[in-house]
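Numbering of the sequence shown is given in this note's numbering, commencing with residue 130 and proceeding in unit increments. C-beta: ideal position from N, C-alpha, C; glycine also.
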Amino acid sequence: MSKKFFIKTFGCQMNVYDSHRIAIMLENFGFEETSVQSEADLVLFNTCHIREKAAEKVFSDLGRAYLIKQERAVLNKDTIIGVTGCVVQAEDEQIAKRAPYVDFALGPLTYHRLPEILTEISRQKGQTLIDTDFPAEAKFDFLPQNRAEGGCSFLAVQEGCNNFCTYCVVPYTRGAEYSRPVEEILEEARHLIKTGTLEINLLGQNVNSYHGEDKSGKERNFAYLLNKVAELEGLKRLRYTTSYPADVDDDLIECHHNLKQLMPYLHLPVQSGSNKILKAMNRRHNREQYLEKVEKLMTANPDLRMSSDFIVGFPGETDEDFEQTLSLVNQVQYIQAFSFKYSRRAGTPAAVMINQVEEKVKKQRLDTLQNLLFDYQTKFNMSCVGKEFDVLFEQNGRHKGQLIGRTPYMQNLHAKADKSLLNKIVRVRVESATTNSLCGKVV
Ligand code: 5AD
Ligand code: SF4
130 MSKKFFIKTF GCQMNVYDSH RIAIMLENFG FEETSVQSEA DLVLFNTCHI REKAAEKVFS
190 DLGRAYLIKQ ERAVLNKDTI IGVTGCVVQA EDEQIAKRAP YVDFALGPLT YHRLPEILTE
250 ISRQKGQTLI DTDFPAEAKF DFLPQNRAEG GCSFLAVQEG CNNFCTYCVV PYTRGAEYSR
310 PVEEILEEAR HLIKTGTLEI NLLGQNVNSY HGEDKSGKER NFAYLLNKVA ELEGLKRLRY
370 TTSYPADVDD DLIECHHNLK QLMPYLHLPV QSGSNKILKA MNRRHNREQY LEKVEKLMTA
430 NPDLRMSSDF IVGFPGETDE DFEQTLSLVN QVQYIQAFSF KYSRRAGTPA AVMINQVEEK
490 VKKQRLDTLQ NLLFDYQTKF NMSCVGKEFD VLFEQNGRHK GQLIGRTPYM QNLHAKADKS
550 LLNKIVRVRV ESATTNSLCG KVV
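Below, the structure written as structure tokens:
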């Protein structure tokens, strides 16, 4: 009987992508995936360090995993517990101290060494093996080929960050920017399409600062890569995330005019509407520059709609600064957004700023902002009622005979639909809408 692994993923889409690649690696190593943790011979947590809450969750999950490990030991079953992802990069010593029963911990740039580590563990029981190198070799060269899991796939094209926003851990956890070569990305994309992908979402912490080499060794920008991926036969939809406003150049804006595969939805985090706060955050854009980029993008494709990330309660944020954020939301009218209370992250410049905002104020501002964001989201969803969209059905719905998919605008849509339509793009008429989803009828 083959050994089983269980993997739980925290955080961003990059982590979802990494977990998928880890799963393929483990399958090649003779493991089979299970969704039942207590059945697993190998339990893996792929972790996120972006905010305190996300990072702390891992330790409670680890505690639970240890209890299960002890229960299984009574039945003479071994359990390997492993941690990967950004928490490892930032808190490797903490893991070894707070959860000494963890067998191994691998950073986001070293998870390709998992097979070696597993072999090593069988030799050296009872010790936490840690590898948080920033290795010279690119992990992608060592991973087994990626393949589609459904109609929609992520593809990492760039990793790491050189921007050093003063609140953010990413430059420390994911390291300096690295762009994969164009050919390598196209090869992975072709294989994803061959195995059933209709939609590719190109990923990177700063995806549009991509600057990978083409076959001849020439450095190419993100727009070049988008054009190349869009040319691939069989690819119906293309998205990318997350982009950095200052790196949205004219070539990229043109892609939104020219490429029919590129979906009319763009996640372009602004973080704050106040120039004073943007400066303190070390963002390379101010409010006016951001708005100008949005306007140019929407001129290139008038159907385009925006989404964003916001942080409230950054050190020094006054009521007036916060008002600026609200007014920016009113200007752009985002159709979706993620908003967070500022979380102090050790080692980042903002963590030691003296003008920290009170928790109570942060909470109030978050409530106010989210109410406004939800209003626009609801309004947009309601405006879709009666319209038809192409929907890519991605999973079974909660009820029998129902499928859930995404519209071009990333809205969740559920409809009565036959299983045969799973992983297909289908024309659907929207019949009703709420803040979080649409309900439709297959046309
Ligand atoms: N506190 C709160 N939110 C943060 N983000 C990044 N770092 C922090 C932090 N220290 C948010 C930003 C980013 C998203 C991925 O997480 O909005 O765009
Ligand atoms: Fe979290 Fe950032 Fe790491 Fe993604 S890259 S898992 S958001 S810390």
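inquiry  = Which residues does DSSP list as the beta-bridge partners of N175?
reply    = Mapped onto the sequence shown, residue 175 falls at position 46. According to DSSP, which records beta bridges pairwise, N175 is partnered with T138, T213.
### Query
From I406, L397, I464, F188, pick the residue whose C-alpha is nearest to that of M511; which is it?
By one-based count along the sequence shown, residue 511 stands at place 382. When the alpha-carbon of M511 is set against those of I406, L397, I464, F188, the nearest one is in I464.
### Task
Give the range of the beta strand (DSSP E) segment to which H543 is assigned.
As a working mapping, residue 543 is identified with position 414 in the sequence shown. Residues 541 to 545.
Apart from the five residues just before and just after T257, which ones in its own chain have a Cβ nearer than 6 Å to its Cβ? Looking up residue 257 in the sequence shown gives position 128. Closer than 6 Å at the Cβ level, and outside the excluded window around T257, lie A225, V231.
- Message: Any residue with its Cβ nearer than 6 Å to a heavy atom of the ligand 5AD should be included. What is that list in chain order?
- Response: By the rule of a C-beta closer than 6 Å to any heavy atom of the ligand 5AD, the residues picked out are I179, R180, Y296, C297, P398, Q400, D438, I440, F469, Y471, S472, R474.
So, for A202: in the same chain, excluding its five sequence neighbours on each side, which residues have a beta-carbon less than 6 Å away from its beta-carbon? As a first step, residue 202 must be located in the sequence shown, where it is residue number 73. Excluding positions up to five away in sequence, the list is empty.
Next item on the list: Verify whether the separation of the beta carbon atoms of A219 and T302 is less than 8 Å.
Entry: Within the sequence shown, the letter at position 90 stands for residue 219. Within the sequence shown, the letter at position 173 stands for residue 302. Their beta carbons are under 8 Å apart, which means A219 touches T302 by this criterion.
Based on Cα-Cα distance, which residue from L542, L550, H340, V358 lies nearest to Q287? For the purposes of this step, residue 287 is identified with residue 158 of the sequence shown, where counting begins at 1. Taking each of L542, L550, H340, V358 in turn and checking the Cα distance to Q287, the smallest one comes out for H340.
| said: Is it buried or exposed, S164, if we count other Cβ atoms within 10 angstroms and call 16 or more buried? | reply: Working through the sequence shown from its first residue, we reach residue 164 at position 35. By the 10 Å Cβ count, S164 comes out exposed.
Quick one: give me the first and last residue of the alpha helix (DSSP H) that E181 is part of. For the purposes of this step, residue 181 is identified with residue 52 of the sequence shown, where counting begins at 1. Annotation for E181: the continuous alpha helix (DSSP H) segment containing it runs 181 to 203.
query = How would you call P431, buried or exposed, if buried means at least 16 neighbouring beta carbons within 10 angstroms?
reply = One-based indexing of the sequence shown puts residue 431 at position 302. With fewer than 16 other Cβ atoms within 10 Å, it is exposed.
If we define contact as Cβ-Cβ less than 8 Å, is K491 a contact residue for chain B? Given the protein chain composition of this structure (a single chain), no chain B is represented.
Considering Cα atoms alone, identify which of G346, M392, L391, L426 is closest to P374.
The residue given as residue 374 occupies position 245 in the sequence shown. The residue with the shortest Cα to Cα distance from P374 is L426.
Alpha carbon of N552 to alpha carbon of Q485, nearest angstrom: Within the sequence shown, the letter at position 423 stands for residue 552. Within the sequence shown, the letter at position 356 stands for residue 485. Distance from the CA atom of N552 to the CA atom of Q485, rounded to whole angstroms, is 47 Å.
Practice task
Can you have a look at K492 and say buried or exposed, based on whether 16 or more other CB atoms are within 10 angstroms of its CB?
Solution key: Residue 492 sits at position 363 when you count from the first residue of the sequence shown. In summary, K492 is exposed, with fewer than 16 beta-carbon neighbours lying within 10 Å of its beta-carbon over all protein chains present.
Discussion item. Tell me which residues share the same chain as V623 and place their Cβ nearer than 7 Å to its Cβ, disregarding the 5 neighbours each side in the sequence.
Written reply: Since the first residue of the chain shown is 130 and the last is 572, residue 623 is not available in this structure.
* How about Y195 and Y471: are their beta carbons less than 8 Å apart? -> What you label residue 195 is simply residue 66 of the sequence shown in a count that begins at 1. What you label residue 471 is simply residue 342 of the sequence shown in a count that begins at 1. Y471 sits away from Y195, with the two beta carbons spaced by 8 Å or more.
*Between Y505, M435, V461, Q166, which lies nearest to M539 when the distance is taken from Cα to Cα?*
Here residue 539 corresponds to residue number 410 of the sequence shown, with the count starting at 1. Nearest C-alpha to M539: M435.
- Task: Please work out which residues of its chain come closer than 6 Å, Cβ to Cβ, to T536, disregarding the five sequence neighbours upstream and downstream, and give them in chain order.
- Result: Start at 1 with the first residue of the sequence shown, and residue 536 comes out as number 407. If you ignore the 5 residues before and after T536, its C-beta comes within less than 6 Å of the C-beta of F518, V520, L542, all in its own chain and listed in chain order.
message = My output table needs one value for L315: the three-state DSSP class, helix, strand or coil.
response = As a working note, residue 315 is residue 186 in the sequence shown. When secondary structure is reduced to three states using DSSP, L315 falls in the helix class.
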